[in-house]
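*Asks:* One structure follows; several queries about it will come next.
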Amino acid sequence: MQNSKFNFATVFAVMVLLVFSYITFLGLSYWQGGNLLLPVLLTVALIVVVGACVFMMCMAKATRWRRLSIIGQTLFGLVVLAVLLLAALPFTNFVNVAKSSDEITAKITETCDAAEQLDNAYKEYVDERISDYEQNLGVISSAKNVKPSQYKECLGGASGSDDSEKIENLSKSLRSKLLPDGTEKAVRERHQWLDKAKHTSVWNPLAPANINKIGEQVEGWVDNYKKLSDVTYKGEEAEEFTYSDFDSQLSELTQSYRKFHAPSPLAVIISLVCFGVMMLPYFLTEKSLAGATSKGREEKDYE
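Letter by letter, the sequence shown follows residues -14 to 288 of the working numbering.
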């Protein structure tokens, strides 16, 4: 009966440790902003240290291992307690994330919406540039007798039977450079991808990494639009395309889960409860009477 209690306590302790470690891992993952290497290493270290200490304590109690006295077992127990209390830091971080899950989910949606608005912003930029370009060419056409060199430079080599047709053809040519073929298809695909990214759960350990991926993707899209906007035709004064709405949304989102806080009372209590559960196998381990008898005989023979 005692052995069955010990086995149940061991299984229960392992399950509690794994759950506690997973929540700690999530807190570390959010703190690192999606970089999983350090969270994985620290979580594995937590499991190994706690498991090894409890195992050593149980073995020492069961076999009367003289190298690990009561004091040594107590020290191992204190190590377990210290590790679990230290883990309360990332544990608290994820508890805060879980409490703000609705707010964070809303911010993820707003961030994806800002990413989707990038394409509309660039289209508006192109429309404005085309409109300004057509107006500039119209002014140059009207003043061709006053400034024939400027007219020759901007409209002289353009195709068309008259200036209106030339301006229209140049306008279409510039638009095709700023919005090349395949842009609409790429926009539809990225919007579909962003729609899927909106449905992210805070319990997903890859959520911070996915948020980083959104940032990296949008940064690449913005850079691509900037390169396209570098194309200029004679007769226009254009500025490079810029887009900052997404950066502010992304920064606000990541700041909501990357700040470490002092351990909350709830996290400390849970750590202490977890420590108590970890000690159950030790308390239910029977002392080895054989070990005690053997030790007594050795002392008697020595005398």
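Glycine included, C-beta positions come from ideal geometry on N, C-alpha and C. Note that the coordinates shown come from a computational prediction; the quantities given were computed from them, not determined experimentally.
1. Let me know the beta strand (DSSP E) ranges lying completely inside the segment 222 to 256, each 3 residues or longer, listed in chain order.
2. Compute the distance between the beta-carbons of Ala143 and Asn130, then report whether it is under 8 Å.
3. Could you give the uninterrupted runs of the beta strand (DSSP E) lying entirely in the segment 115 to 153, keeping only those of 3 residues or more?
4. Look at the Cβ atom of Leu191, then the Cβ atom of Arg114, and state whether they are nearer than 8 Å.
5. Which class does Trp188 belong to by DSSP, given the choice of helix, strand or coil?
6. Assuming Ser65 is part of the alpha helix (DSSP H), what are its boundary residues?
7. Between the alpha carbons of Cys259 and His246, how many angstroms are there, rounded?
8. Since Thr(-5) and Pro266 should fall inside the 8 Å C-beta cutoff, what is the C-beta to C-beta distance between them, to a whole number of angstroms?
9. For Leu159, which residues from the same chain have a beta carbon less than 7 Å from its beta carbon, with the 5 sequence-adjacent residues on both sides left out?
10. Taking Cβ positions, are Glu101 and His176 nearer each other than 8 Å?
11. Sorted by chain position, which residues of the same chain lie with C-beta nearer than 7 Å to Glu237's C-beta, five sequence neighbours on each side aside?
12. Around the C-beta of Gln120, are 16 or more other C-beta atoms found within 10 angstroms, so that it is buried, or is it exposed?
13. Measuring CA to CA, which of Glu224, Leu251 and Ser54 is closest to Met41?
14. So which of Met263, Val253, Gly261 and Ser241 has the shortest CA-CA distance to Asn81?
15. Relative to the C-alpha of Ala45, which candidate in Val34, Gly36, Val35 and Gly57 has its C-alpha closest?
16. Once the 5 residues before and after Asn197 are set aside, which same chain residues still bring their CB inside 7 Å of it?
17. Using the rule of at least 16 other Cβ atoms within 10 Å of the residue's Cβ for burial, across every protein chain shown, is Asp87 buried or exposed?
18. Under a CB-based cut-off of 8 Å, is Ala171 close to chain D?
19. If we count the other Cβ atoms within 10 Å of its Cβ and call it buried at 16 or more, is Lys285 buried or exposed?
20. Counting only the same chain and skipping the five closest in sequence on each side, list residues whose C-beta sits under 6 Å from that of Gly145.
21. My guess is that Val203 and Leu103 are in contact by the Cβ rule of under 8 Å, so how many angstroms apart are they, rounded?
22. Among Phe226, Thr96 and Phe79, which has the Cα closest to the Cα of Tyr110?
23. Using a Cβ-Cβ cutoff of less than 7 Å, which residues in the same chain neighbour Leu74 once the five nearest sequence positions on both sides are dropped?
24. On the three-state DSSP scale, how would you describe Asn20?
25. For the candidate residues Leu31, Phe79 and Asp148, whose alpha-carbon lies nearest to that of Trp289?
26. Output needed for Arg282: all residues of its chain with C-beta closer than 7 Å, excluding positions within five of it in sequence on either side, in chain order.
27. Roughly how many angstroms separate the alpha carbons of Asp208 and Leu23, rounded to a whole number?
28. Tell me whether Leu63 is buried or exposed, calling it buried when 16 or more other Cβ atoms sit within 10 Å of its Cβ.
29. Between Lys181 and the rest of its own chain, which residues show a CB-CB distance below 6 Å, the 5 nearest in sequence each way excluded?
30. How is the alpha helix (DSSP H) around Glu271 delimited, first residue to last?
31. Give the DSSP-derived three-state secondary structure of Thr217 in the structure shown.
32. Quick one: using the 10 Å Cβ neighbour count with 16 as the cut-off for buried, is Glu288 buried or exposed?
*Replies:* The structure says:
1. none
2. no
3. none
4. no
5. coil
6. Before going further, note that residue 65 is Val rather than Ser in the sequence given. Segment Ile55 to Leu71, the alpha helix (DSSP H) holding Val65.
7. 20 Å
8. 5 Å
9. Ile115, Tyr118 and Tyr218
10. yes
11. Lys92
12. exposed
13. Ser54
14. Ser241
15. Gly57
16. Gly18 and Gly19
17. exposed
18. This model lacks chain D altogether; it includes just one protein chain.
19. Its pLDDT being 41, under 50, Lys285 is placed unreliably by the model, and nothing is read from it.
20. Lys151 and Asn154
21. 6 Å
22. Phe226
23. Phe245 and Pro248
24. coil
25. Since the first and last residues shown for the chain are -14 and 288, residue 289 lies out of range.
26. Model confidence at Arg282 stands at a pLDDT of 43, short of 50, so the residue's coordinates are unreliable; what they give is reported in the following sentence. Same-chain partners within the cutoff: there are none.
27. 30 Å
28. exposed
29. none
30. It is not in any alpha helix (DSSP H) - Glu271 carries neither H nor E in the DSSP assignment.
31. coil
32. A caution first: Glu288 carries a pLDDT of 41, below 50, which makes its placement in the model unreliable, though a value can still be read off. So Glu288 ends up on the exposed side.
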